[in-house]
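For reference, the structure is listed below as structure tokens.
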Amino acid sequence: MSTPTPKVSFKEQMHLAREDAILQAACRLLGEKAFDAMTMDDVAAAVGIAKASLYKHFCSKEELCSAAMVQILGRVHDYVATLPAEQPPLEKLRALVRWSLERLMANEMPLLPSRNSTLRAVLMANKEYLNGLLTVSDQIGEWITEAQAQGLINPTLPPLVVLYTLYARACDPVVSFLKESGQFTPEQIVELVLQTCFDGLRAR
1 MSTPTPKVSF KEQMHLARED AILQAACRLL GEKAFDAMTM DDVAAAVGIA KASLYKHFCS
61 KEELCSAAMV QILGRVHDYV ATLPAEQPPL EKLRALVRWS LERLMANEMP LLPSRNSTLR
121 AVLMANKEYL NGLLTVSDQI GEWITEAQAQ GLINPTLPPL VVLYTLYARA CDPVVSFLKE
181 SGQFTPEQIV ELVLQTCFDG LRAR
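Numbering-wise, the sequence shown is residues 1 to 204 according to full-length UniProt numbering.
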């Protein structure tokens, strides 16, 4: 006989809902401002709660942003899982980069922390983050090596170089520059960055 799932109290549901709203706001602000410029006051204001209430969920900006980065990795993992197994590896890579660029355009993709950022040190000590990053990287790495074996990606490039190049598109400053120019629609920007990423700059 299965054990019934314990009911979550209304108070706990509200707590979880507010925590999710906090994480969503942190992700958006990390995309807009990056870690070093973002403050806990910014997050509290974005959620519409007092800063004291924010600290009931997360004791520091580092802890909050670390949790937000873990959540983003979870979303990447979930998206990867939706891609059909029969889809060619290069198309999977292109779809993932497209998804990342669309999140970046909507300020839903946190910018990667700089090497001297306190957040980077926190993330490197976060096992949940590192495990999630390893899982996603391994899957992307498999697609890269498959595409190289098929001659669709330059086989002379180390797979790690290709992996980091694709990761960089998720925080590509070119997207912001093109948005600020006002010359292109969001859809056009995504297509242009995809084209330069996968097809390069050389005339064909």
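For glycine and all other residues, C-beta sits at the position ideal for the given N, C-alpha and C.
Excluding the 5 residues flanking it on each side, V190 has same chain C-beta neighbours closer than 8 Å at R98, L101, E102 and M105, in chain order. Between P110 and L166, the CB-CB gap reaches or exceeds 8 Å.
Three or more beta-carbon pairs separated by less than 8 Å link the segment 145–153 to the segment 85–94, which places the two stretches in contact.
Collapsing the DSSP output to three states places D42 in a helix. For the pair D20 and A170, the Cα-to-Cα distance works out to about 22 Å. Of the residues D36, K7, C59 and S9, the one whose Cα lies closest to the Cα of I22 is C59. At the C-beta level, E32 and N107 come within 8 Å of one another.
Across the set Y129, D78, W143 and Q188, the C-alpha of Y129 shows the shortest separation from the C-alpha of V70. When the beta-carbon positions are compared, Q139 and V80 come within less than 8 Å of each other. Of the residues assessed, L157 falls on the exposed side of the cut-off, its CB having fewer than 16 other CB atoms within 10 angstroms. Annotation for T185: no residue places its beta carbon closer than 7 Å to its own, counting only its chain and skipping 5 residues before and after. The DSSP-derived three-state label of T145 is helix. R202 sits exposed, since fewer than 16 C-beta atoms from the chains shown fall within 10 Å of its C-beta. Distance check between A67 and each of R94, L123, V193 and T82 places L123 closest, using alpha-carbon atoms only. Proximity to I72 across Q24, Y55 and D42 peaks at Q24, based on C-alpha coordinates. The closest CA to that of T145, considering only V136, G132, T135 and L160, is found on L160. For the pair V162 and V193, the CB atoms are not nearer than the 8 Å cut-off. Nearest Cα to L134 within the set Y55, H77, A46 and K61: H77.
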